[in-house]
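Participant: I have a structure here, written as structure tokens, and I will follow up with some questions on it.
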Amino acid sequence: MEVKKTILDTKVMSQQNELAQYIERYCHEDGVHSTTISSLHFIRASHKSAPIHSVHQPALCIVAQGKKLVMLAQDRYQYDPAHYLVISVDLPVSGEIIQAEPENPYLCLRLDFEPKQILDIVMETDSSTNEEGDSQRGLFVSRMNSFLLDAVLRLVRLLDTPDDLPILAPLVIREILYRVLQGEQGDSVRQIAMIGSHAQRIAKVIQLIKQDFAMPLRIEELAFTANMSSSSLHHHFKQVTRLSPLQYQKQLRLQAARHLMFSKAADAADAGFQVGYESPSQFSREYARMFGLPPISDIKRLRQS
């Protein structure tokens, strides 16, 4: 058994080295780089980073070199070449690159996906999930395996043959998602796509909150839409996101306000008002609690960095 494990680890290491070489070839500088496959992105960073807040969409993230720490509420998830990260619903997270240097930059692949892609695979493979059971977290880290990496490498190699992309890329992406579903925490992804499951209904509520995050939150209306009681909605929402619906909305508001101040040069009072805050003092207080500094000081720090 130990021999098999050593062989597998050696193979994964070799595959990760090849993946790192491909990412380096397509990333001549630090940043997030799009590819000719619309859902595929490469990320490069030469230095460690401060925590970066974002609302992360459903995606598979594979680190070929370096390490990253992601925080969801109070939960911490670290991933590296030996582990991959999956986010199955839109989640407000903070991400921090914790291992990167100019000689060995952080190199990462991100493959975005939609619940419908998961549902199509589930329906065809006749997989099942427990719709009545507790919802599972919408973010997880799993041990890397050579089967998943083999499919990922075949997708990346297709960038060298653009004429093959329209036919082969969708097939390989489907295989990659199938490998994720077959992984040790595949049910966490499968449940989001299963129509009628608690998690699928929570995913629908998340989209409703995102669409109108500046409006007052009406839990009873959200519960009615999800066909749940208010207490059941709160329970399953927290199981999936680690946040209550109100906390989730607050994070969306504060991240949107930060974007308005940084990118649109809005002042703090106006940004807070645009995202739904009626009290400037409450906005400033909750902003400082989330980002560590009051709005003006935080934006000044961001511009300097």
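For the sequence shown, position 272 matches number 272 in the UniProt record's numbering, and the numbering has no gaps at all. Backbone N, C-alpha and C fix where the C-beta goes; we use that ideal spot for every residue, glycine too.
#1: With DSSP run on the structure shown, which of helix, strand or coil describes residue 280?
#2: Indicate whether residue 252 and residue 202 have their beta-carbon atoms separated by less than 8 Å.
#3: What's the call for residue 166, buried or exposed, on a 16-neighbour Cβ count within 10 Å?
#4: Using the Cβ count rule (16 or more neighbours within 10 Å means buried), how would you classify residue 31?
#5: For residue 227, does the three-state DSSP call read helix, strand or coil?
#6: Which of helix, strand or coil does DSSP assign to residue 47?
#7: I need the straight-line Cα distance from residue 15 to residue 62, nearest angstrom please.
#8: If I'm right that residue 274 touches residue 260 with Cβ under 8 Å, what's the distance once you round it to whole angstroms?
#9: To which residues of the same chain is residue 22 closer than 6 Å at the C-beta, ignoring the five residues directly before and after it?
#10: Mapping the DSSP letters down to three states, classify residue 162 as helix, strand or coil.
#11: For residue 100, does the three-state DSSP call read helix, strand or coil?
#12: State the beta-bridge partners of residue 95 as determined by DSSP.
#13: Sort 60, 13, 212 and 103 by Cα distance to residue 276 and report the nearest one.
#14: So which of 170, 36 and 94 has the shortest CA-CA distance to residue 160?
#15: Just checking, does the segment 94 to 107 make contact with the segment 133 to 148 on the three C-beta pairs under 8 Å criterion?
#16: Is the segment 48 to 63 close to the segment 104 to 114, with three or more CB pairs under 8 Å?
#17: Could you tell me which residues DSSP pairs with residue 33 in its beta bridges?
#18: Less than 8 Å between the C-beta atoms of residue 107 and residue 139, yes or no?
#19: Can you have a look at residue 282 and say buried or exposed, based on whether 16 or more other CB atoms are within 10 angstroms of its CB?
#20: Can you look up residue 28 in the DSSP assignment and give me helix, strand or coil?
#21: Could you give the distance in angstroms between the alpha-carbon of residue 29 and the alpha-carbon of residue 242?
#22: Could you work out which residue in 177, 236 and 13 is closest to residue 120 when comparing CA atoms only?
#23: Under 8 Å between the Cβ atoms of residue 294 and residue 287?
#24: Does the Cβ-Cβ distance between residue 173 and residue 39 come in under 8 Å?
#25: Identify whether residue 242 lies in helix, strand or coil by the three-state DSSP scheme.
#26: In three-state DSSP terms, what is residue 16?
#27: What residues in its chain sit with their C-beta under 6 Å from that of residue 82, if we drop five residues either side in the sequence?
#28: Within the continuous beta strand (DSSP E) that includes residue 140, where are the two ends?
#29: Just how far apart, CA to CA, sit residue 46 and residue 302?
#30: Exposed or buried, residue 249, counting other C-beta atoms within 10 Å across all chains shown (16 or more means buried)?
#31: Can you pull the DSSP bridge partners for residue 110?
Facilitator: On the basis of the supplied data:
#1: helix
#2: Cβ atoms of residue 252 and residue 202: not closer than 8 Å.
#3: Exposed, because fewer than 16 other Cβ atoms sit within 10 Å of the Cβ of residue 166.
#4: exposed
#5: coil
#6: coil
#7: 12 Å
#8: With a Cβ gap of about 6 Å, residue 274 and residue 260 count as contacting.
#9: 156
#10: Residue 162: helix per DSSP, three-state reduction.
#11: coil
#12: 52 and 70
#13: 212
#14: 36
#15: no
#16: yes
#17: 42
#18: no
#19: exposed
#20: coil
#21: Residue 29 and residue 242: Cα-Cα distance of roughly 35 Å.
#22: 177
#23: It is a contact, given that the beta carbons lie within the stated cut-off.
#24: A contact, by the Cβ cut-off of 8 Å.
#25: coil
#26: In the structure shown, residue 16 sits in a helix (DSSP, three-state: H, G or I).
#27: Closer than 6 Å at the Cβ level, and outside the excluded window around residue 82, lie 144.
#28: 139 to 143
#29: 18 Å
#30: buried
#31: 41 and 61
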